[in-house]
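Q:
Protein chains: 2
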Amino acid sequence: MTANNAFTALMAHMHEAVALSQISGLLGWDQETTMARGSANQRAEWQSALQATLHAKRTDPKVGEWLAAIDPADLEPVEAANIRVISREFERQSRVPTDLAREIARVTSAAQGEWAEARAAGDFAAFQGTLAKVVDLRRQEAAALADGGDLYDALLGEYEPGMRAAELDQLFAGLRRGLVDLRERIGESRVEIPDLKGKFSQDQQMLIARELADAFGYDWKRGRLDLAVHPFSSGSGDDVRITTRVAEQDPFNCFYSTIHEVGHAVYEQNIAPRHGLTVLGTGASMGIHESQSRIFENQLGRSRAFTGFLFRRMQAVFGDFGMADAETFYQMVNKLRRGYIRTEADEVQYNLHVLLRYDLERSLMDGSLDVADLQDAWNQRFEQDFGFAVDSVQNGVLQDVHWPVGLIGYFPTYTLGNIYAGELYAALRADQPDLDTDLAKGDTTHAVAWLKQKIHVHGGAFEPIELIQNAVGHAPSEAPLLSYITQKFSDIYQL
Amino acid sequence: MTANNAFTALMAHMHEAVALSQISGLLGWDQETTMARGSANQRAEWQSALQATLHAKRTDPKVGEWLAAIDPADLEPVEAANIRVISREFERQSRVPTDLAREIARVTSAAQGEWAEARAAGDFAAFQGTLAKVVDLRRQEAAALADGGDLYDALLGEYEPGMRAAELDQLFAGLRRGLVDLRERIGESRVEIPDLKGKFSQDQQMLIARELADAFGYDWKRGRLDLAVHPFSSGSGDDVRITTRVAEQDPFNCFYSTIHEVGHAVYEQNIAPRHGLTVLGTGASMGIHESQSRIFENQLGRSRAFTGFLFRRMQAVFGDFGMADAETFYQMVNKLRRGYIRTEADEVQYNLHVLLRYDLERSLMDGSLDVADLQDAWNQRFEQDFGFAVDSVQNGVLQDVHWPVGLIGYFPTYTLGNIYAGELYAALRADQPDLDTDLAKGDTTHAVAWLKQKIHVHGGAFEPIELIQNAVGHAPSEAPLLSYITQKFSDIYQL
Chain A
1 MTANNAFTAL MAHMHEAVAL SQISGLLGWD QETTMARGSA NQRAEWQSAL QATLHAKRTD
61 PKVGEWLAAI DPADLEPVEA ANIRVISREF ERQSRVPTDL AREIARVTSA AQGEWAEARA
121 AGDFAAFQGT LAKVVDLRRQ EAAALADGGD LYDALLGEYE PGMRAAELDQ LFAGLRRGLV
181 DLRERIGESR VEIPDLKGKF SQDQQMLIAR ELADAFGYDW KRGRLDLAVH PFSSGSGDDV
241 RITTRVAEQD PFNCFYSTIH EVGHAVYEQN IAPRHGLTVL GTGASMGIHE SQSRIFENQL
301 GRSRAFTGFL FRRMQAVFGD FGMADAETFY QMVNKLRRGY IRTEADEVQY NLHVLLRYDL
361 ERSLMDGSLD VADLQDAWNQ RFEQDFGFAV DSVQNGVLQD VHWPVGLIGY FPTYTLGNIY
421 AGELYAALRA DQPDLDTDLA KGDTTHAVAW LKQKIHVHGG AFEPIELIQN AVGHAPSEAP
481 LLSYITQKFS DIYQL
Chain B
1 MTANNAFTAL MAHMHEAVAL SQISGLLGWD QETTMARGSA NQRAEWQSAL QATLHAKRTD
61 PKVGEWLAAI DPADLEPVEA ANIRVISREF ERQSRVPTDL AREIARVTSA AQGEWAEARA
121 AGDFAAFQGT LAKVVDLRRQ EAAALADGGD LYDALLGEYE PGMRAAELDQ LFAGLRRGLV
181 DLRERIGESR VEIPDLKGKF SQDQQMLIAR ELADAFGYDW KRGRLDLAVH PFSSGSGDDV
241 RITTRVAEQD PFNCFYSTIH EVGHAVYEQN IAPRHGLTVL GTGASMGIHE SQSRIFENQL
301 GRSRAFTGFL FRRMQAVFGD FGMADAETFY QMVNKLRRGY IRTEADEVQY NLHVLLRYDL
361 ERSLMDGSLD VADLQDAWNQ RFEQDFGFAV DSVQNGVLQD VHWPVGLIGY FPTYTLGNIY
421 AGELYAALRA DQPDLDTDLA KGDTTHAVAW LKQKIHVHGG AFEPIELIQN AVGHAPSEAP
481 LLSYITQKFS DIYQL
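These protein sequences, in sequence, are chains A and B.
Quick note on numbering: this note's numbering labels position 94 of the first sequence as 94, and the sequence is numbered without any gaps.
Quick note on numbering: this note's numbering labels position 179 of the second sequence as 179, and the sequence is numbered without any gaps.
1. In this structure, does DSSP put residue 481(B) in helix, strand or coil?
2. For residue 226(B), which beta-bridge partners are listed by DSSP?
3. Got a sec: is the Cβ-Cβ distance from residue 239(A) to anything in chain B below 8 Å?
4. Classify residue 157(A) as helix, strand or coil using the three-state DSSP reduction.
5. Any beta carbon from chain B within less than 8 Å of residue 271(A)'s own beta carbon?
6. Any chance the CB of residue 134(B) is under 7 Å from a heavy atom of the ligand FAD?
7. Jot down the residue ranges of each uninterrupted alpha helix (DSSP H) in the region 281 to 322 of chain B, minimum 4 residues, whole runs only, in chain order.
8. Please decide whether residue 221(B) counts as near chain A, where near means a Cβ-Cβ distance under 8 Å.
9. At what residues does the alpha helix (DSSP H) containing residue 28(A) begin and finish?
10. Go to residue 187(B), then tell me how far its beta strand (DSSP E) extends in each direction, as first and last residue.
11. Okay, do the region 69 to 78 of chain B and the region 33 to 50 of chain A touch, 3+ Cβ pairs below 8 Å being the bar?
12. From the DSSP output, in three-state form, read off residue 201(A) for me.
13. Is the beta carbon of residue 49(A) sitting closer than 8 Å to the one on residue 46(B)?
14. Against chain B, with Cβ distances strictly below 8 Å, would residue 277(A) count as a contact?
15. Could you tell me how far apart the beta carbons of residue 336(B) and residue 346(B) are, in whole angstroms, since I believe they sit closer than 8 Å?
16. Using a Cβ-Cβ cut-off of 8 Å (strictly less than) and excluding sequence neighbours within five positions of residue 371(B), which residues of its own chain qualify?
17. Residues of chain B with CB closer than 7 Å to the CB of residue 115(A), please, in chain order.
18. Taking the runs of the alpha helix (DSSP H) that are 4 residues or longer, which of them lie wholly in the region 435 to 493 of chain B?
19. Name the chain A residues that come within less than 9 Å of residue 15(B), Cβ to Cβ?
20. Is it buried or exposed for residue 328(B), if we count other Cβ within 10 angstroms and need 16 for buried?
21. Does DSSP put residue 39(B) in a helix, in a strand, or in coil?
22. Would you tell me roughly how many angstroms separate the C-alpha atoms of residue 137(A) and residue 276(B), rounded to the nearest one?
23. Should residue 503(A) and residue 407(A) be called a contact, given that it needs their Cβ atoms to be closer than 8 Å?
24. Can you tell me where the alpha helix (DSSP H) holding residue 236(A) begins and where it ends?
25. Mind checking whether residue 468(B) and residue 410(B) have CB atoms under 8 Å apart?
26. Would residue 38(A) pass as an interface residue toward chain B - the criterion being a Cβ-Cβ separation below 8 Å?
27. Can you give, in chain order, each stretch of the alpha helix (DSSP H) that sits fully within the region 320 to 386 of chain A and has at least 4 residues?
28. Could you tell me the boundaries of the alpha helix (DSSP H) in which residue 77(A) lies?
29. Thinking C-alpha only, which one of 241(B), 341(B), 231(B) is nearest residue 391(B)?
30. Under 8 Å between beta-carbons, which chain A residues line up against residue 58(B)? List them in chain order, please.
31. Which class does residue 99(B) belong to by DSSP, given the choice of helix, strand or coil?
32. Here's the rule: buried if 16 or more other CB atoms are within 10 angstroms of the residue's CB, otherwise exposed. What is residue 451(A)?
33. With distance defined between alpha-carbon atoms, name the residue in 179(A), 116(A), 465(A), 26(A) nearest to residue 387(A).
34. Let me see if you follow: with CB-CB separation under 8 Å, is residue 314(B) close to chain A or not?
35. Have a look at residue 200(B) and residue 262(B) and give me their C-alpha separation to the nearest angstrom.
36. Identify each residue in the region 145 to 175 of chain B for which the Cβ-Cβ distance to at least one residue of chain A is less than 9 Å, and report them in chain order.
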């Protein structure tokens, strides 16, 4: 076997694996948007068969032989990047014993239902045993992956390759202090911001949602927009689908969910075709992905300039909807509210939700916190950072599905995404002084083209940190995000 | 390896293969109903990766080892039926050289596009070379499969296990004579049947289509109805989806396409759960499948009794739509028209279309007809059986996609389905003397329950002929179908 033959055979093998993995994504989309409820058990069997096939392909001993026969030094950069990602995944998958992987799949699959029941019943104790089991299994998996290194880093690496918790601690510490301080000062502000009133029909909301997807560069020829209970984006390359939801009294939920998912989707749609059906043909990491959805949604979509455009579109579609002027509209879109739920939080408080989860899951993994004490630890930390007490376990430790399904090491990528978005936005503004003029017209063409060139086209060809460094010229820090949020909300709340 | 272990391992292996094959079906459904046009190339890559994976699973040498270790005599009947079907497929797939299978996939995939172009241009000569190549490749495949036996039988066996062309010839000869004779006599009838006039909105047509699906026992909890260019049913077990189409001036196209597809779908939905995700968990053959769609559509759906119900439903939804009474409505639904297109043909002429194709493809396979002479042979035969000349190649030899995509041996299963439906309908009427009373109320419960018990629940556990024999008590003949059609249309046309 020559190195050349090995590389060709490995790429053909991975082409099939990537295709099967994308098919699994479509099955997930179909399940959330289209499938009849009575098909659920059969669908679970399909996914299980597909995952087993995929696992066998990814851990095929031939992959190890091909990798051993290839010298990365002989490869072009993109070829070498393929080998880097394939090797990393092959090692990860090979390190976890098959029995453990199967046990994790089994327990987390059942845990999701148990969590939903415990949540409905408002009973953390009923779920505590299962959650302890999930944490224990993930610790075992982390030990297998870490090979003597840090357990948390081993899990984090699945979602954010190359990132370590020690680096996160540094990025997050100043951010938490700054955001708590800002939240407290806003709480003392005398500025009164009205709330939106009235009802907004589904058809009209969806009309505007489609215009927003257009405005942010979504390519309808290679995707579609549907309704789902929880908005998501799904797919890669030439088939990237988005979903949103509609509540009659809260059109912003629909609009900003759409823009957020379009951020994820346009990233995937813009990846260079040469990466299609290779392991590089998707976003570089969860953090980079979230940076795109968040910069679309917040820095661009919730800017004064863009909300001016949205205000006029809403007037055109809904007539007078009780909003005095564009400035009031802008304030209302960004208004801070007391709330328990991460996914509904404003830009100031969102990352406080994430950092709470990050610190707690770190403690679960290093053994300093027991699942039995998790609810108390959550409630105590929440009051500390948000200034009021959790009123129910549904609004507290049982609100997210992540831990029940075994996602530990995933939460910090949300805030990392915001930090990356902060860096990218500062660089974008420096490169495009007329950005606001475009946004005021609902035109994101130049901004999205900049993101496409700096981030999107590369897919997974660079490590996340490298990608950001190449884009902005330095290692990422939390400072631009904190400074952007502080300025924006100091202005709105006249601090 | 014990026989027991071998059986268990083989069933687990096939469970995955069946799941992957069902997933491929869902990808097809999505492509026809949901997918954006720009996703087509990526979808082709997905299907190709899935088919390659599936082929590798089905021809895995382990399957041969497991089969060799199992003695069917030790098995329960359903276990033995599983082994019978698995062995048959394993042998078929193993006999065809991989290079030939790949070449057939490549040529037929490209041929579909070339056929569509030649058809649009009305130019058979432009497609003749490709079609000759397809026929030649399928002859090579048949030779590999036949192992010295009849070439046509080798292909036919893929769609109708156990059936042979010599048997078809016997069943079809009398049918053709009888139908041509009937068509000629109807042509001389003085009975004048009016046509439907007016426009019927999509929403109202779909309302009735859903009621018809209900009336024929379609289970919405495990399926859905969508629009597609060509109506089809897709899936097995707990996820069986149907599609229909709507033309404003021809609501019967929508209604009877729906009933036809519901026939296919209810068959799949009614298969015993124990066959789920095994090779027996789908219809026994193409002929048996078509028997269910056709008995739903014609013997039940186009009966005087059921059209009486449909007439009242249409009056309720559309108001007075210019139809004098239920009897005129019944005649109109069954009216004979001059037409070139198989899929639009009435019960009298439909099988003449199929038999024409059957005889021509038999001659192509045995070498007595050259592709270069196919158009002339088609036109000559058409005029002979239908009494008028083909006016264009789109209405002639280029009308169906079957031959371009390599489907040779498939056409006769349409008529075989009608013959089976004729047998089943005669037995059903004998068992249920009050059938018309039910149908007049739009109630098919007892009829469908009878078909469920005789045919549906068994899935692929019996060979097609065995299934029909068990249901009706004798080997199938064309006589009941011919007698049903002759009686029905002699009555309508007062012959």
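Think of the CB as a built atom: it goes at the ideal place given N, C-alpha and C, for glycine as much as any other residue.
Nothing here was measured: the structure is a model prediction, and the numbers come from that model.
A: For this structure:
1. helix
2. 243(B)
3. yes
4. helix
5. It does not; no Cβ of chain B falls within 8 Å.
6. Absence of the ligand FAD from the depicted structure is noted, as is the absence of any ligand whatsoever, leaving it without description.
7. Runs found: 286 to 294, 304 to 318.
8. yes
9. It spans 3 to 33 - the alpha helix (DSSP H) in which residue 28(A) sits, taken as one unbroken run.
10. Here residue 187(B) belongs to no beta strand (DSSP E); instead the alpha helix (DSSP H) covers 165 to 187.
11. Result no; under three Cβ-Cβ pairs closer than 8 Å.
12. coil
13. Judged by beta-carbon spacing, residue 46(B) lies beyond the 8 Å limit of residue 49(A), meaning their Cβ atoms are not closer than that value.
14. Taking Cβ atoms only, chain B reaches closer than 8 Å to residue 277(A), which makes this a yes.
15. 5 Å
16. 128, 131, 132, 135, 364
17. Within 7 Å Cβ-Cβ: nothing; residue 115(A) doesn't reach chain B, min ~25 Å.
18. 435 to 440, 445 to 454, 464 to 472, 479 to 492
19. 45, 49
20. exposed
21. helix
22. 32 Å
23. The structure shown does not extend to residue 503(A), since chain A spans only 1 to 495, so no value can be given for it.
24. Note, residue 236(A): premise wrong, no alpha helix (DSSP H); beta strand (DSSP E) at 233 to 236.
25. no
26. yes
27. 326 to 333, 347 to 366, 374 to 386
28. 77 to 95
29. 341(B)
30. What residue 58(B) touches in chain A: nothing, since even the nearest Cβ is about 13 Å away.
31. helix
32. buried
33. 179(A)
34. Taking Cβ atoms only, chain A never reaches closer than 8 Å to residue 314(B), which makes this a no.
35. 22 Å
36. none
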